[in-house]
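Trainee: For the sequence shown, our numbering begins at 98 and goes up steadily by one. Input: one structure, supplied below.
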Amino acid sequence: MEEQIKRAVRNLNISYVFFWVLPAFLLGAGEFELFPVGGLADNAQAIYYFETIGILLTALCVPLSLKLFSLVLKKKIDYMTITLALKRYVQWNIVRLGVLEVAIVVNLLCYYLTLSSTGNLCMLIGLTASLFCLPSEKRLRNELHIAKDEKR
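Here is the structure:
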């Protein structure tokens, strides 16, 4: 079982690194102008729509990703066998990061297309929320109620 826990934590860490790689890549692409930066900066209607979509998406995705995971954990994963619970835990954690990633990428694109700081702020809110999803073995054991085997 210890090997399965270590594998699950490794998979969580890999998914968390990939979660941060995409925004970093898009930030680099935007700064090097690999996609059209400021293409909609002079269109007030487009700025309004992009900002509204970004704000609503952030307001929806951040609580959804944090609360949905805890609800699924309490309602479903707690009643599974350890092996199945580990698999579902990793899957739902990836779903949670994916929901946050959608909000972050949309707001990042909103920022570069409209040059409006609202998209940048909402992206930072999503990235900050991802810090509450930071994977660790201790957190996995606490959330799945798995006691650490003491070897003496």
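Ideal Cβ positions, reconstructed from N, Cα and C, are used throughout, including at glycine.
1) Do you know how far the Cα of E99 is from the Cα of C158?
2) Have a look at Y113 and S227 and give me their C-alpha separation to the nearest angstrom.
3) Does R107 pass the burial test, meaning 16 or more other C-beta atoms within 10 Å, or should it be called exposed?
4) Excluding five sequence neighbours on each side, which residues of the same chain lie with their C-beta closer than 8 Å to the C-beta of S233?
5) Within a Cβ cutoff of 6 Å, which residues of the same chain sit near G136, ignoring the five residues on either side of it in sequence?
6) Label E247 either buried or exposed according to how many other C-beta atoms from any shown protein chain fall within 10 Å of its C-beta, with 16 as the threshold for buried.
7) With I243 and I102 assumed to form a contact (beta carbons below 8 Å), what rounded beta-carbon distance in angstroms separates them?
8) Candidates F116, L153, N110, L241: which alpha carbon is nearest M177's?
9) What number of angstroms, rounded off, separates the C-alpha of F132 from the C-alpha of Y146?
10) Just the C-alpha distance for P297 and V169, rounded to the nearest angstrom, thanks.
11) Considering only the beta carbon of each residue, do R193 and L231 sit closer than 9 Å?
12) Note the first and the last residue of the continuous alpha helix (DSSP H) segment covering T215.
13) If contacts are defined as beta-carbon pairs under 8 Å, then L124 and N190 qualify, I think. What distance do you get, rounded to the angstrom?
14) When burial is assigned at 16 or more other CB atoms within 10 Å of the CB, is A121 buried or exposed?
Mentor: Reading from the atomic positions:
1) As a position in the sequence shown, residue 158 is number 61, starting the count at 1. As a position in the sequence shown, residue 99 is number 2, starting the count at 1. Their Cα atoms are separated by approximately 33 Å.
2) Your numbering for residue 113 matches position 16 in the sequence shown. Your numbering for residue 227 matches position 130 in the sequence shown. Cα-Cα distance, rounded: 9 Å.
3) In the sequence shown, residue 107 corresponds to position 10, counting from 1. The residue in question, R107, is exposed, as its Cβ has fewer than 16 Cβ neighbours within 10 Å.
4) Along the sequence shown, one-based indexing puts residue 233 at 136. Closer than 8 Å at Cβ, skipping near neighbours: V106.
5) Here residue 136 refers to the residue found at position 39 when the sequence shown is read from its first residue. Only L210 meet the Cβ criterion.
6) Position 150 of the sequence shown, counting from 1, holds the residue named residue 247. At E247, the pLDDT of 47 sits below 50, so the modelled position is not reliable and the matter cannot be decided from this model.
7) Counting from 1 along the sequence shown, the entry for residue 243 is found at position 146. Counting from 1 along the sequence shown, the entry for residue 102 is found at position 5. Going by Cβ atoms, the distance from I243 to I102 rounds to 7 Å, so yes, they are a contact pair.
8) As a position in the sequence shown, residue 177 is number 80, starting the count at 1. Among F116, L153, N110, L241, the Cα nearest to that of M177 is on L241.
9) In the sequence shown, counting from the first residue as 1, residue 132 sits at position 35. In the sequence shown, counting from the first residue as 1, residue 146 sits at position 49. So the alpha carbons of these two residues sit roughly 20 Å apart.
10) Past the boundaries of the shown model lies residue 297; the chain is included only from 98 to 249, so the question cannot be answered.
11) Numbered from 1 along the sequence shown, position 96 holds the residue referred to as residue 193. Numbered from 1 along the sequence shown, position 134 holds the residue referred to as residue 231. Not closer than 9 Å, so no.
12) Locating residue 215 in the sequence shown gives position 118, where the first residue counts as 1. Note, T215: alpha helix (DSSP H), 214-227.
13) Taking the first residue of the sequence shown as 1, we reach residue 124 at position 27. Taking the first residue of the sequence shown as 1, we reach residue 190 at position 93. Going by Cβ atoms, the distance from L124 to N190 rounds to 24 Å, so no, they are not a contact pair.
14) Here residue 121 is taken as the residue at index 24 of the sequence shown, counted from 1. Burial call: exposed.
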